[in-house]
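Going down the list, the protein sequences come from chains A and B.
Just so it is clear: in the first sequence, position 42 is 42 by the numbering used here, and no numbers are missing.
Just so it is clear: in the second sequence, position 446 is 531 by the numbering used here, and no numbers are missing.
Beta carbons: idealized from backbone N, C-alpha and C, even for Gly.
Values in this document were obtained by computation on a predicted structure and should not be read as measured data.
Everything below concerns the one structure shown next.
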Amino acid sequence: MQNTAKQETKTADLLQLGETAVIHSLSTTELSVKLLQMGCLPGKKITHVRSTLGGNPLYLRIDNQFFALRREEAAQIAVLNNSSL
Amino acid sequence: MQPTSNILYLAGNPNSGKTSVFNHLTGLHQKVGNFSGVTVEKKSGITQMPNGSIWQVVDLPGTYSLHPTSAEEYIVLQTLLHPNALSDKHTILYIADATNLERHLLFCTQLICLGYPLVVGLTMTDMEAAKQLNLNTAKLSELLGVPFFSINGRTGQGIEKVKQALCAAPIATAPAFLPKVAGIDAQLLKKVCAIFNTTNQYAAALLLQHANRLPFLSPEEQKHLLELAHTNQFKSLHTQVADTMQRFDKIVPIIAQITTPANTQPDNLSQKIDRWITNPVWGLLFFCFLLFAIFQAIFSFATYPMDWIEQFFAAAQSFIHANLPQSFFTSLIADGLIAGLGGIFMFVPQIAILFLLIGILEETGYMARAVYLSDNLMRRFGLNGRSLVSLFSGMACAVPAVMATRTITNSKERLLTIMVTPLISCSARIPVYTVLIALLIPANRHVGMLNAQGLMMMALYVTGVVAALGVAAIMKRFVNSHELSFLALELPPYRLPHWKNLLLGAWQKVKVFIAEAGKIILIISFLLWGMANFGPGNRMQEAENRVKAQFTQPTDTAAMEAKIAEARLENSWVGHLGKIIEPVISPIGFDWKIGIALLTSFAAREVFVGTMATIYSVGGSDENGLRSQMRAEINPKTGKPVFSTAGTLSLLVFYIFAMQCMSTMAVVKRETNSWKWTLIQLLYMTALAYGSSFIVFRLFQ
């Protein structure tokens, strides 16, 4: 994992509307276990598709599936910063 | 019927099509109960195999894996990890979505590692997305060591083959998917295995990971496990992540081997729909429109069957009175039993229609979108997007609505939802609202295009919803929870609803209502019948004689009988009780007659109308007669009409807020498992009702 360690990451709640990034890792919390089980795996693409009036929760696409995640939940997901690619 | 010794567990992820398969297997031979000791719905049924044997099918709640996060998911773990279940080796029919195998196989491989004999039913294989994958199921069977069958729960296609495979020969146990449990020291697992006298290391790992949430463990066993975990610095969450990751590490290459890496695009139609339906503005407008449409549907469609049911029971009552001799038992059957049954079945049309509509919303996938849209708003009130389903259901009946809170993971959000759901106006309030609104507003009055009575009805409903949210917002400050609140919701592709699932779903809710609420309504009907037909000493007889003495010429027997009924009720136990509570309720504009109606409403609120008819000496159920009698009623103490604008509004407000339903209280007690919260709910609702009625009465007087 040495090469990825150099890349900058940010959390998925910071994705701009329409932005796509690659999942780098998940934190170790009860939430992440749930997210992992739902198919939110490192290496998959994640897209911020749309959001609600208050900007929370987020409508996300992970691989070919769609999920509603609250911002705190998306914050458990670290994605590779596109600018560093 | 033969004894059912064979048990088949149905397991799978949410949205896997498991319900359709269960409905196809069991049809009407299913029952809804509870998993022992907990309030998670247990659906089970029986199915006949091709060789004639009868199998019991248990539908386990949909879950993503054996590492649980909600009460429902814990049930799956507790059921499958139970020593008896493990030793009996019941067969599992695992339902997996072919268009999304990677994720659906995770739970499957965990079940294989627990050593269960397992058969996989692949659903959605007829979808375009699945066809593009060119699934090699033979190869998949070989790699996992379990048989795979392509099935369709809607048409039933392929299910017969699964049944044949299940009863032809015992299903062999597949080799463990992972030879070694990830992230846990082998020595530690051996120690756990030794305690529980098992060789299954994966079962040992799960026991260790979830020791504090497994009720089948004895206190000593639990203590032993927790000590082992502590001395070995065992980190449950880390090992759960490791287990999940290691499984996916092996599943991903398997999927690559058995599929053609087609350029699969997600369901475009669903995305096109969602562009509008989940749009921050249009989506909310559509949501409001949908609420209004459902509201209208319950009102207009349910009226006809409700009238038929009412007429049927009224006819049955008069038939018994006409054909049986006047006696204690005739009255008990006609006025106690038949009246009680009528009160129960009256609500069936509304409940059936509402749950049919909710079923459509859930089956199509819209409900997940509604939860997504409302989550942010709901959270401000301490609720969860999932509370929406309960609040919706509360429009029909609070009993199934309170039970629907089981899908809410966070115990605080679930408790708050339970606490406020009875404030949503249910179908039992409609007859009360109708009579009182008619007193208040003439039928032909319009406000612009809209009927004024209809608007008033709408206002009462909205008041209930606003109160529910307001109470939740206040109560959330007093409830502590260390539990995580989360949404993490899958938004599945839109699908057409399947009529069989809809009808069976609605039928189940109706059964729940009749079983849960019905028995209490019936008991209270009997109790009230007794209290209304007996009085202290022989005062009721004396009152009757007095009325008879007034009617010297026996010309108008109907009027005399109505007066006798009124006088008897006034002097019965319930009449005395009404007079006892009169000092308490007179500040909000109610007299002892309304007091009696409030008391009888405890069976079900709509009993109010019948009681009023008796008190005001209206023979039969003549609503016009009742209305004019109520309008003419003068309070002897104040000399003013009882049903003035102030009095009627006060009573309406009281019926929105008051907890006048024993069935709801019983189900709240069971679901919260706490007398404390049941009493808090009763107290706050009574206080809210009394306080608001007081204010309204004073304002309009």
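If we cut at 9 Å on Cβ distances, does residue i have a partner in chain B?
i	result
LYS34 (chain A)	yes
THR20 (chain A)	no
ALA12 (chain A)	no
GLU72 (chain A)	yes
THR29 (chain A)	yes
LEU85 (chain A)	For LEU85 (chain A), the predicted model reports a pLDDT of 49, less than 50, meaning its position is unreliable; a value from the coordinates is still stated below. Taking Cβ atoms only, chain B never reaches closer than 9 Å to LEU85 (chain A), which makes this a no.
ALA78 (chain A)	no
LEU26 (chain A)	yes
GLN16 (chain A)	no
ALA75 (chain A)	no
THR52 (chain A)	yes
ASN56 (chain A)	yes
ALA5 (chain A)	With a pLDDT of only 48 at ALA5 (chain A), under 50, the local geometry of the prediction cannot be trusted, and no value is derived from it.
Relative to the alpha-carbon of residue i, which residue among the options has its alpha-carbon at the smallest distance?
i	options	result
PHE739 (chain B)	B:ALA717, B:MET750, B:ALA751, B:THR771	B:THR771
ILE23 (chain A)	A:THR29, A:GLU30, A:LEU15	A:LEU15
THR763 (chain B)	B:LEU589, B:SER355, B:THR749	B:THR749
ILE92 (chain B)	B:ASN100, B:LEU439, B:GLY660, B:GLN133	B:GLN133
GLN593 (chain B)	B:PHE675, B:MET488, B:ARG471	B:MET488
ILE515 (chain B)	B:ALA215, B:LYS128, B:ALA481	B:ALA481
LEU292 (chain B)	B:THR176, B:HIS152, B:ILE236	B:HIS152
LYS754 (chain B)	B:THR519, B:GLU629, B:LEU784, B:ILE503	B:ILE503
SER475 (chain B)	B:ASN461, B:THR490, B:ALA181	B:THR490
GLY470 (chain B)	A:ASN82, A:ALA74, A:ASN56, A:VAL79	A:ASN56
ILE605 (chain B)	B:ILE429, B:LEU162, B:LEU229	B:ILE429
ALA223 (chain B)	B:ALA96, B:LEU589, B:THR344, B:ALA751	B:THR344
SER150 (chain B)	B:TRP361, B:GLN195, B:LEU540	B:GLN195
GLY555 (chain B)	B:ALA419, B:LEU508, B:PHE598, B:LEU299	B:LEU508
ILE741 (chain B)	B:ALA717, B:LEU784, B:ALA453, B:SER686	B:SER686
VAL524 (chain B)	B:GLY710, B:MET747, B:THR104, B:LYS116	Correcting the residue type first, residue 524 (chain B) is Leu in the shown sequence and not Val. Of B:GLY710, B:MET747, B:THR104, B:LYS116, the residue nearest in Cα terms is B:GLY710.
Can you tell me whether residue i is buried or exposed? The criterion is at least 16 other CB atoms within 10 Å of its CB, across all chains shown.
i	result
SER759 (chain B)	exposed
ALA483 (chain B)	buried
TRP677 (chain B)	buried
THR284 (chain B)	exposed
PRO135 (chain B)	exposed
TYR451 (chain B)	buried
ASN297 (chain B)	exposed
LYS216 (chain B)	exposed
PRO338 (chain B)	exposed
SER303 (chain B)	exposed
Looking at chain A, is there any beta carbon in it that lies within less than 9 Å of the beta carbon of residue i?
i	result
ASP359 (chain B)	yes
LEU525 (chain B)	no
VAL80 (chain B)	Any answer about residue 80 (chain B) is impossible in this case: the structure gives chain B only from 86 up to 786.
PRO577 (chain B)	yes
ARG580 (chain B)	no
VAL326 (chain B)	yes
ALA96 (chain B)	no
GLY147 (chain B)	no
GLY230 (chain B)	no
SER496 (chain B)	no
TYR457 (chain B)	yes
THR329 (chain B)	yes
THR492 (chain B)	no
Tell me which residue opens and which closes the beta strand (DSSP E) that residue i is part of.
i	result
VAL142 (chain B)	139-144
ARG50 (chain A)	45-51
PHE233 (chain B)	233-235
GLY97 (chain B)	91-97
ILE256 (chain B)	Careful: ILE256 (chain B) lies outside any beta strand (DSSP E) and carries neither H nor E.
VAL22 (chain A)	20-26
Could you check where the alpha helix (DSSP H) with residue i kicks off and where it finishes?
i	result
PHE384 (chain B)	367-408
TYR179 (chain B)	Taken as a continuous stretch (DSSP letters only), TYR179 (chain B) belongs to no alpha helix (DSSP H), being part of the beta strand (DSSP E) at 176-182.
HIS152 (chain B)	No alpha helix (DSSP H) contains HIS152 (chain B), which DSSP labels as neither H nor E.
LEU768 (chain B)	760-785
ILE649 (chain B)	642-655
LYS275 (chain B)	271-281
Consider the C-beta atom of residue i and the heavy atoms of the ligand FAD; say whether any pair is separated by less than 8 Å.
i	result
LEU426 (chain B)	Judged by which ligands are present, the structure shown has none, so any question about the ligand FAD falls away.
Runs of 3 residues minimum, wholly inside the stretch 188-226 of chain B: which ones carry the beta strand (DSSP E) assignment? 203-208
Write down every uninterrupted run of the beta strand (DSSP E) in the stretch 60-85 of chain A whose length is 3 residues or greater and which is fully enclosed by it, in chain order. 65-69, 77-80
Residue ranges of each beta strand (DSSP E) within the stretch 668-731 of chain B, 3 or longer: none
In the stretch 497-581 of chain B, which residue ranges form an unbroken beta strand (DSSP E) of at least 3 residues, counting only runs that do not cross its ends? none
Please specify which runs of the alpha helix (DSSP H), each continuous and at least 4 residues long, are wholly inside the stretch 582-636 of chain B, giving them in chain order. 584-597, 604-618, 624-635
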